[in-house]
Amino acid sequence: MQSWLPAKPYPPPDQPGYWQPHSATLQWCEEDYYASYYCAEIVNTLTNILFVYLSYKGVQSCWKYGHDTVFAVAYFGYFLVGFGSFMFHATLKYPWQLVDELNMIYTTCLMAYASLSYARSVRTQVLLGISLTLLCIGITVYYHHIQDPTFHQQVYAALTVFIVFRSGWIMETSLRPSLRKAAPRTAAEDARDRAILKNMWFFVAYGLTIFLSGFAIWGIDNVYCGTLRRWRRQIGLPWGILLEGHGWWHLMTGVGAYCYIVWGIHLRRVLNGEQDKFVMFWPNLWTLPEIVRVDSAGPGAATVKENGKVTGKASGGLAANGELKKRK
């Protein structure tokens, strides 16, 4: 592969670095210290800045719109994942590896608590909190004992799949008129809820597609690491960084995980019967969504009229209680 772009050649392999020797149990495909003496994996490190930004955006939204505290805590856990990953890839030290990987488990358990504790008695909520805490402690102790990254990946995948399916079931039984156990509603309310359900499923598919695509790219990065390293060196810097699959994994799973928390917030508002008070503000697919009050949604949000028809405000966009409307 020949590069026709102006590029700088990579330095020789096995560059010395400030944090050596490494103690992490994982080795990534990105070469070490080729860009900085003080940062082992520059791309895998800097892509975690997205987590810092999105966690700030999420916490700010929770404070501004009064979303439940558990979601602000989840965003803080999301921040710790990004911060831990930043330090882990910069140093390749085992303690930071634990901060990175275990916070993924802890944040997922927080979302599990948000899903499972809703409308439960205080006693049940306390028992659930204790159970999930003990689960986190057990996973932490066992993982530190065996130090096998495969165990962490399997546990994280199992927890994520469980919560996604659980949340999807709650969404269906809360909004779909044929599955809803609540008292019958008006035709307009049924139309509103079907519109919300349709767009929520679209949003779930959007987030999952990005999330799983990140995993697919990381898988390619693992399987074809030797080939990718050779191609990077052939095309040179800075273009070679575009072939850093784990960096793409950070960006794509970061967006997917952010969407997952937004989905949880929206679902909680629906369960509270606040469909007419809060909407998903999502002007287009290239922006990140937010759950906002209807009176502050502005252009890009949608409203539901009394006859159940959905209309857009101002410029059009995708809101969870409406269809996508174009600017006229």
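Counted the way the numbering used here counts, the sequence shown spans residues 1 to 328. Beta carbons: idealized from backbone N, C-alpha and C, even for Gly.
Give the straight-line distance between the Cα atoms of Ile196 and Phe203, rounded to the nearest whole angstrom. Residue mapping note: residue 196 aligns to position 196 of the sequence shown, counting from 1. Residue mapping note: residue 203 aligns to position 203 of the sequence shown, counting from 1. Their backbone Cα atoms lie some 10 Å apart in a straight line.
Could you check whether the segment 52–59 touches the segment 67–80, counting it as contact only if at least three pairs of C-beta atoms, one from each stretch, sit closer than 8 Å? yes
On a CA-only basis, which of Glu30, Lys277, Tyr78 is nearest Gly256? Give me that one, please. Residue 256 sits at position 256 when you count from the first residue of the sequence shown. Here the closest residue by C-alpha is Tyr78.
Give the DSSP-derived three-state secondary structure of Trp28 in the structure shown. Residue mapping note: residue 28 aligns to position 28 of the sequence shown, counting from 1. The answer is coil: DSSP assigns Trp28 none of H, G, I, E or B.
Does the contact criterion of 3 or more C-beta pairs under 8 Å hold for the segment 15–32 versus the segment 217–236? yes
Report the rounded CA-to-CA distance for Gly312 versus Thr287, giving the unit in angstroms. Sequence index remark: in the sequence shown, residue 312 carries index 312 (1-based). Sequence index remark: in the sequence shown, residue 287 carries index 287 (1-based). Model confidence at Gly312 stands at a pLDDT of 40, short of 50, so the residue's coordinates are unreliable; what they give is reported in the following sentence. Cα to Cα, the separation comes out at about 18 Å.
Can you tell me where the alpha helix (DSSP H) holding Arg349 begins and where it ends? With the chain covering only 1 through 328, there is no way to say anything about residue 349.
Beta-carbon contacts of Leu179 that lie in its chain and below 6 Å, excluding the five residues immediately before and after: Taking the sequence shown and counting its residues from 1, one reaches residue 179 at position 179. Cβ neighbours of Leu179 beyond the five flanking positions: Glu172, Thr173.
Determine the closest residue to Tyr18 out of Ser36, Tyr10, Pro12, His246, with distance taken between C-alpha atoms. One-based indexing of the sequence shown puts residue 18 at position 18. With distances taken between Cα atoms, Tyr18 lies closest to Ser36.
Out of Lys64, Val164, Leu54, which one is the CA nearest neighbour of Phe76? Indexing the sequence shown from 1 puts residue 76 at position 76. Here the closest residue by C-alpha is Leu54.
At a cut of 8 Å, does the segment 238–246 reach the segment 211–223 through at least three beta carbon pairs? yes
Run through the DSSP bridge pairs and tell me what Arg293 is partnered with. Indexing the sequence shown from 1 puts residue 293 at position 293. Phe278, per the DSSP bridge assignment.
Give the straight-line distance between the Cα atoms of Tyr206 and Val262, rounded to the nearest whole angstrom. Within the sequence shown, residue 206 is the residue found at index 206, counting from 1. Within the sequence shown, residue 262 is the residue found at index 262, counting from 1. Roughly 12 Å separates the two Cα atoms.
In angstroms, rounded to a whole number, what distance separates the CA positions of Pro9 and Gln15? Translated into positions along the sequence shown, residue 9 becomes position 9. Translated into positions along the sequence shown, residue 15 becomes position 15. Going by the C-alpha atoms only, they are around 14 Å apart.
State the DSSP-derived secondary structure class of Ala302, mapped to helix, strand or coil. On the sequence shown, position 302 is the one that residue 302 refers to. In this prediction, Ala302 scores a pLDDT of 44, lower than 50, which makes its location untrustworthy; the coordinate-derived value is nonetheless stated afterwards. The answer is strand: DSSP assigns Ala302 an E or B state.
Endpoints, alpha helix (DSSP H) assigned at Asp14: Here residue 14 is taken as the residue at index 14 of the sequence shown, counted from 1. Note, Asp14: premise wrong, no alpha helix (DSSP H); not H, not E.
Option nearest Met200 by Cα separation, candidates Phe215, Pro177, Ser167: Position 200 of the sequence shown, counted from the first residue, corresponds to residue 200. The shortest C-alpha separation from Met200 is found at Ser167.
For Cys39, which beta-bridge partners are listed by DSSP? The residue you call residue 39 lines up with position 39 of the sequence shown. According to DSSP, which records beta bridges pairwise, Cys39 is partnered with Ser36.
If you count every other CB in all the chains shown that lies within 10 Å of the CB of His67, and 16 or more means buried, which is it? Within the sequence shown, residue 67 is the residue found at index 67, counting from 1. Buried, since its Cβ has 16 or more Cβ neighbours within 10 Å.
Could you pull out every residue in the same chain whose Cβ sits closer than 6 Å to the Cβ of Leu80, ignoring the five residues on either side in sequence? By one-based count along the sequence shown, residue 80 stands at place 80. For Leu80, where only same-chain residues beyond five positions count, the Cβ hits under 6 Å are Asn103.
Once DSSP output is grouped into helix, strand and coil, what is the label at Trp286? As a working note, residue 286 is residue 286 in the sequence shown. Residue state, collapsed to three classes: coil.
Quick check: the Cα distance between Ile194 and Gln153, rounded to an integer number of angstroms? Against the sequence shown, residue 194 aligns to sequence position 194. Against the sequence shown, residue 153 aligns to sequence position 153. Here residue 194 is Arg; the residue named in the question, Ile, does not match the sequence. Whole-angstrom Cα-Cα distance: 36 Å.
Neighbour-count burial assignment, Trp97, 16 or more Cβ in a 10 Å radius: Here residue 97 is taken as the residue at index 97 of the sequence shown, counted from 1. The identity of residue 97 in the sequence shown is Gln, whereas the question assumes Trp. By the neighbour-count rule (16 or more Cβ atoms within 10 Å), Gln97 is buried.
What did DSSP end up calling Asp193 once you bin it into helix, strand or coil? Here the question's residue 193 lines up with position 193 in the sequence shown. If DSSP states are grouped into helix, strand and coil, Asp193 belongs with the helices.
By the 10 Å Cβ neighbour count, where 16 or more other Cβ atoms means buried, how is Arg185 classified, buried or exposed? Locating residue 185 in the sequence shown gives position 185, counting from the first residue. Exposed, because fewer than 16 other Cβ atoms sit within 10 Å of the Cβ of Arg185.
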